[in-house]
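Take the sequence shown: its position 579, counted from the start at 1, is 599 in the working numbering, and no numbers get skipped.
Glycine included, each C-beta is placed from N, C-alpha and C at the ideal position.
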Amino acid sequence: MTATELDAVTVTGSRIARPDYASSSPLTSVSREALRDTGTSTLEEALNQLPQLGIGANKTNAGWGGTGQATLNLRGLGAQRNLVLLDGRRLQPATTDNVVDVNAIPAALIEDVQIITGGASAVYGSDAIAGVVNVRLKEDFEGIRLDGQFARYGEGDGDTTDLAVTLGGNFADDRGNAVLSLSWSDRDGVDFMAREFFRRNPGGTDFRIQTGTYEFGANLPAQAAVDRVFAQYGAAPGRVPVSPTTYLGFNDDGTLFAANKGPFNWRGPDGQLNDTGTQLNNLNQFSLVQVPLERHGAFARVGYDVTDEVQAYGQFSWSSLSSYVAAEAGNTGINVPVANPFVPADLRTILASRANPNADFRLHKRFQEAGPRTFERDFDTWQFLAGVRGDLAAINGSWDAYASKGRLRAHEVNNGAVVIASLRNLLGAPDGGASLCAGGYDPFGLTVLSPECRTYLVAATASRTELEQEVVEANVQGGLFQLPAGELRFAAGLGWRRNSYGFQPDRLLQQGGIVGVPAKGPSHGSTRVGEAYVETLVPVLYDAPFARSLDVGLAYRYSDYDLSGGVDTYKADFTWALIEDLRVRGGYQRAVRAPSVGELYVASETESNSYGLVANGQGDQCEAGSPLRRGGNAAAIEALCLAHGIPAALLPSYIDTQRESLATRSGNTALDPETADTYTLGVVWTPDGTGLSVAADYFDIRVEDVIGTLTSAQVLASCFNQDGSNPGYSAGNFYCALIQRNADTGRIDNIYKPTFNMGSLRTSGIDAQLDWQGELGNGARLSAGTVASWVDRYEVQALKGGPAYDYAGYVGTLPTWKAVSQARYQQGPGSIGLRWRYIGAMEHSSKVLNPASTTPPVDAFSYFDLFGSWDFGTRLRLGAGINNLLDKDPPQVGGVAGVTHNSTYDIYGRQYFVALTVQL
Numbered sequence: 021m022t023a024t025e026l027d028a029v030t031v032t033g034s035r036i037a038r039p040d041y042a043s044s045s046p047l048t049s050v051s052r053e054a055l056r057d058t059g060t061s062t063l064e065e066a067l068n069q070l071p072q073l074g075i076g077a078n079k080t081n082a083g084w085g086g087t088g089q090a091t092l093n094l095r096g097l098g099a100q101r102n103l104v105l106l107d108g109r110r111l112q113p114a115t116t117d118n119v120v121d122v123n124a125i126p127a128a129l130i131e132d133v134q135i136i137t138g139g140a141s142a143v144y145g146s147d148a149i150a151g152v153v154n155v156r157l158k159e160d161f162e163g164i165r166l167d168g169q170f171a172r173y174g175e176g177d178g179d180t181t182d183l184a185v186t187l188g189g190n191f192a193d194d195r196g197n198a199v200l201s202l203s204w205s206d207r208d209g210v211d212f213m214a215r216e217f218f219r220r221n222p223g224g225t226d227f228r229i230q231t232g233t234y235e236f237g238a239n240l241p242a243q244a245a246v247d248r249v250f251a252q253y254g255a256a257p258g259r260v261p262v263s264p265t266t267y268l269g270f271n272d273d274g275t276l277f278a279a280n281k282g283p284f285n286w287r288g289p290d291g292q293l294n295d296t297g298t299q300l301n302n303l304n305q306f307s308l309v310q311v312p313l314e315r316h317g318a319f320a321r322v323g324y325d326v327t328d329e330v331q332a333y334g335q336f337s338w339s340s341l342s343s344y345v346a347a348e349a350g351n352t353g354i355n356v357p358v359a360n361p362f363v364p365a366d367l368r369t370i371l372a373s374r375a376n377p378n379a380d381f382r383l384h385k386r387f388q389e390a391g392p393r394t395f396e397r398d399f400d401t402w403q404f405l406a407g408v409r410g411d412l413a414a415i416n417g418s419w420d421a422y423a424s425k426g427r428l429r430a431h432e433v434n435n436g437a438v439v440i441a442s443l444r445n446l447l448g449a450p451d452g453g454a455s456l457c458a459g460g461y462d463p464f465g466l467t468v469l470s471p472e473c474r475t476y477l478v479a480a481t482a483s484r485t486e487l488e489q490e491v492v493e494a495n496v497q498g499g500l501f502q503l504p505a506g507e508l509r510f511a512a513g514l515g516w517r518r519n520s521y522g523f524q525p526d527r528l529l530q531q532g533g534i535v536g537v538p539a540k541g542p543s544h545g546s547t548r549v550g551e552a553y554v555e556t557l558v559p560v561l562y563d564a565p566f567a568r569s570l571d572v573g574l575a576y577r578y579s580d581y582d583l584s585g586g587v588d589t590y591k592a593d594f595t596w597a598l599i600e601d602l603r604v605r606g607g608y609q610r611a612v613r614a615p616s617v618g619e620l621y622v623a624s625e626t627e628s629n630s631y632g633l634v635a636n637g638q639g640d641q642c643e644a645g646s647p648l649r650r651g652g653n654a655a656a657i658e659a660l661c662l663a664h665g666i667p668a669a670l671l672p673s674y675i676d677t678q679r680e681s682l683a684t685r686s687g688n689t690a691l692d693p694e695t696a697d698t699y700t701l702g703v704v705w706t707p708d709g710t711g712l713s714v715a716a717d718y719f720d721i722r723v724e725d726v727i728g729t730l731t732s733a734q735v736l737a738s739c740f741n742q743d744g745s746n747p748g749y750s751a752g753n754f755y756c757a758l759i760q761r762n763a764d765t766g767r768i769d770n771i772y773k774p775t776f777n778m779g780s781l782r783t784s785g786i787d788a789q790l791d792w793q794g795e796l797g798n799g800a801r802l803s804a805g806t807v808a809s810w811v812d813r814y815e816v817q818a819l820k821g822g823p824a825y826d827y828a829g830y831v832g833t834l835p836t837w838k839a840v841s842q843a844r845y846q847q848g849p850g851s852i853g854l855r856w857r858y859i860g861a862m863e864h865s866s867k868v869l870n871p872a873s874t875t876p877p878v879d880a881f882s883y884f885d886l887f888g889s890w891d892f893g894t895r896l897r898l899g900a901g902i903n904n905l906l907d908k909d910p911p912q913v914g915g916v917a918g919v920t921h922n923s924t925y926d927i928y929g930r931q932y933f934v935a936l937t938v939q940l
C-alpha cells in the first residue's frame, strides 16, 4: 500500500477517501474524552447537550409512553429524520419509525462521534433529512480494559452504575484481530415527589379521584333536596348550588362533600382540596421523573486478512433492555344504576329528587384500588453483519461489500388494568357484585377489594412487537484520472434493504376492554428498497490566485421503494480554500425520507395527550371562561360547540376538568415520501501556529409533505379557527371531525390523529464552533472550546396551503440561542475542567397562536459542570465530576408551580460521578 492510501480518510457526509479531505458540510466531532468528561452514563445524554440537537426520547420520559430507549433529534426535526450509523453502516432500528436506540451502542469502544447536519440522503439513503450521526468505534483493540462509572444525585437517589469489560488482540501472526466488549448498566428511578420543585405542583385538576364523584349533569336534582342533605352537615340553604357542572364527592363514612364551587364537608386528608374548589388528585405521588432500567450488552468484531489486499470481517451486537414506568390509576366516567345497593343514603335522597329519578347517574372515579398502573417493557435486540473489503491499487481506492440482519423483540406488560366488562357487571349487579366475587364492589369512598374481586376486576395486559431489518450493500471508491488541479475521485454503490414489522396485542387490548385504553388491533407489514448511487469529488483549482484549492462534490442516488416508487436524491457542494488557513464551504442537498413501517402499517394505538389550559389560549375553547367565548365571534363559537356535541343544558357553565384526553393515531399505506432541500454556507479559519480553529455555518432546511400527526393542541386550535383553519366555524371541519366528545358530558374523550402527508417544516440559523489549545510551559496545557447555535426560524405548517407558525425560541421546540462551552487545564497526569451549558430565554408556546397570552416567558438559563481526571501510569485512570454544580432547580414553565419542560432543563439537581478505567 502507498503512503497516500495509508493516510486517506473518509469524512462523515461522503464515501470518498482522500488524504487531504475536509468536510464540505457543517461537521461537529465529539471525542471519546469529551464524552467521558460529561459524566453521563448514556451517549444520548452527552450528545443532547449539543445545540444542534433538539428533544428526543430520554430518561425524563417517565410517563405512560416512556420506554427507557434514547433517541437523537437533529435540528428538532424529529428523531425519524436523522440517520444514526455505526462506522458508516446502518444499525437495527428500535422503533416502528426506524429510529435507533443510541444507548445500545457499545460505549466502551467509542472512538468519536461525527455529526453532519443537513440532508445526506444522496450519500446514505433515506432518513438522512436533518443529517447523520456516525459513531466510530476503535479499530484493532488489544488488551483487557475494565471501565466502571457510578453516579448519584445530590438528593441521594437516581443511582446509575455502568460496568464494561473489553478484551481484544491479534491472532494468526497479526493477520487477524478480535474484540469482545460486555457491558451492564443499572439506573434507579427518581420519584416525582422526591424534588422540592415538583412538590410545589398542585397535583391535578380533574374530578376523577379514588373516592369517586357524582356529576349532576342535565338530569338535575332539586335544590331543596340538596339543601336538606347538606343541612345535616351544617350548610346554609344554597351553599351547594344545583348546576349541571356541580360535583359531589363521597367521604368514606357515607357522607357527601361539595367537590367544587367552594369545597365543603371534606373529611379526607388535609390539603386535597384547594380554595377554588378544584379537586386535586395529587396524581404525582405515583409518577416518576427518571425511568429506571437495566441493560445488558455484548459486542464482538473480528477481522482477518485473507490476503494482503483482502480482509474478511464479521460483527455481532446484542442488547437487552428492561425498563419500568408508572402512571396514575386508570379513570373513567361510568353510568351507575340507582338500584346499586352501595349507593349512600344521602346520595340516594338527592338522586330521588331528579327530574328522572330512575335514570342511571354518572360516577367519575380513579381506580386506585387496582393499584397504580405500571408498564414493564423488555427489549431484546441483535444484529449480525459480515462482509469483505479490500484495496484496488489500480485506482488507488478500495471496495467493500457486506450484509447485515437484525431483529428487535419487545414485550410489554401493563399491570393495574381495570376490565370494563367486569366493572359494568359489578356496578349493575343487584347485589353489588357479591355473587360475582366475595364482598362485591363498593365504588363509593375508599374502595377495598377482596382478593377474589381483584382477580375478577383487575388484569395485566400484554403485547409483543417485532422489528427486522436486512441490508445488503456494496461500495467502491477511488480515483478516475488526473486533472490539472488533482485527482478526480469517485464513490459508487448498490444497496438493498428490507424492514418488517409485526404487532400482536392480547385479547383485552384487541377488544378495547380496558378502562381508558381504546381497542388496539394487531398489525404487520414490510418495506423494501433497491438503490444505486454515485458520488464524485472534482478538484477544480489548486495553488491559484485566491484559491489554494477549490473542490466540487456531486452525488446522485436513485431509490426504488416497493410502495413509494422511484425517488431521486442529489447534492452539489464545494470546499474553497482561499488561503491555507481560510476555507469557505457550502452546498445544496435534496433529501428524501420514505415512510417507515410504523407510519404505514401501525393499527390504531393510543396515548394520553395534554392540550393546555384555556387561560393560556389553548385547550377546549368551549369552556365558559374561554377567551373565544368572550370575543367578537362568541356566537359562532357557541354554535360550533353545540353542533360539536356539548349538551345545550351544559353549555352556559361548561368546564373541561380534564385538560387532557386520549389520542389515537394509526398508520396510512397511501403516504408519499417526504422531500427536503438543504442549503449551507460556512467559513472555517485555522490560523497556522495559533492552536485556534473557528467555524461558522449557515443552514436552511425545508421539509415538504411532512409525514406525521397533529398534536392535540393543534387539532383544537384549528377546529376553533385560532389559526384560520375553520373560518366557517363548522363542526364538519376536518379538524373538528377528529375530536370525539362524550355524549353525556360534552367533554373530549379522544382525539384522532391519523398519519398523513402534512404541510412543511422549515428551520434555519447559524452554527458556530471555536476551539483553542496552547502550551503554558512546564508541561501545562490549556484548551477551550465553544459550540453555539442561533436558530432564526422553526416554522411549522400543519396543512399544505395553510398558515405557517414560527416556534423558534418557544419552550418545547428550540431556543433561539444554545451553547456549550468548556475549558480544561492539564498538567502531567492530572486535568481539571469546567463546562458551561447555556439555554437562551424562551417564550411560552401559547403565544404562537395567541400573541396576547400573558403566560410568562422563561429567562435564559445556565448550568456549570466540574470535571477532572488523574492517570496513575498507563494502566489506571480515575475520573470524577459534579454536574449542575450550583444545584439549580429548573425554571417554572407555563405559570403553574412545579411545572417545567423536563427534557430541556435539568430537573434532578446536582449530580456526582466517579469513573475508573483499568488497562491490563
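Reference residue i, options the options, closest by Cα
i	options	result
THR920	PRO876, TYR932 and ARG930	PRO876
GLN134	PHE161, ASP167 and GLY33	GLY33
ALA379	ILE36, GLU396 and VAL356	VAL356
ARG813	VAL807, ALA880, TYR830 and LEU802	TYR830
ALA192	VAL322, LEU898 and GLY232	VAL322
ASP708	VAL612, TRP792, LEU662 and THR765	TRP792
VAL634	LEU869, ASP717 and VAL617	LEU869
Contact under 9 Å by Cβ, residue i with residue j
i	j	result
PHE464	VAL622	no
ARG649	SER424	no
THR401	ASP121	yes
ARG605	LEU701	yes
ALA437	VAL537	yes
GLY10	GLY96	Residue coverage of the chain in this structure runs from 21 to 940, which leaves residue 10 outside it and unanswerable.
GLN112	GLY426	yes
ILE721	GLY139	yes
Residue i to residue j span [Cα, whole Å]
i	j	result
GLU25	ASN416	Legend: pLDDT at GLU25 = 40, less than 50; position of this residue unreliable, no value from coordinates given.
GLN331	VAL408	6 Å
PRO504	LEU561	8 Å
VAL326	ASP420	14 Å
THR475	ALA441	13 Å
ASN798	PRO849	13 Å
PRO241	ARG368	11 Å
ARG165	GLN939	4 Å
VAL309	HIS864	22 Å
GLY929	ALA114	30 Å
THR22	GLY498	Caution applies to THR22, whose pLDDT of 33 falls short of 50 and renders its modelled position unreliable; the model cannot decide the point.
ASN948	TYR461	Coverage of the chain is limited to positions 21 through 940, which leaves residue 948 absent and any answer about it impossible.
ASN903	ASN280	44 Å
GLU65	TYR883	15 Å
LEU662	LEU371	27 Å
TYR324	ALA406	12 Å
LEU936	GLN847	19 Å
Opening and closing residue of the alpha helix (DSSP H) in which residue i lies
i	result
LYS867	866–869
ALA365	365–372
SER49	Unbroken run through SER49 is the beta strand (DSSP E), 47–51; no alpha helix (DSSP H).
ALA917	Neither: ALA917 is in no alpha helix (DSSP H) and is coded neither H nor E.
is_contact[residue i, chain D] using C-beta, thresh 9 Å
i	result
PRO823	Reference to chain D is not applicable here, since this structure consists of a single protein chain.
First through last residue of the beta strand (DSSP E) which encompasses residue i
i	result
ASN102	102–106
PHE510	506–525
Segment contact flag, the segment 195–206 with the segment 135–147, C-beta cutoff 8 Å, min 3 pairs: no
Touching by the beta-carbon criterion (3+ pairs, under 8 Å), the segment 101–108 and the segment 358–372: no
Inter-stretch contact (C-beta, 8 Å, three-pair minimum) for the segment 597–612 and the segment 628–638: The way I'd put it, the segment 597–612 doesn't touch the segment 628–638; fewer than three beta-carbon pairs between them come closer than 8 Å.
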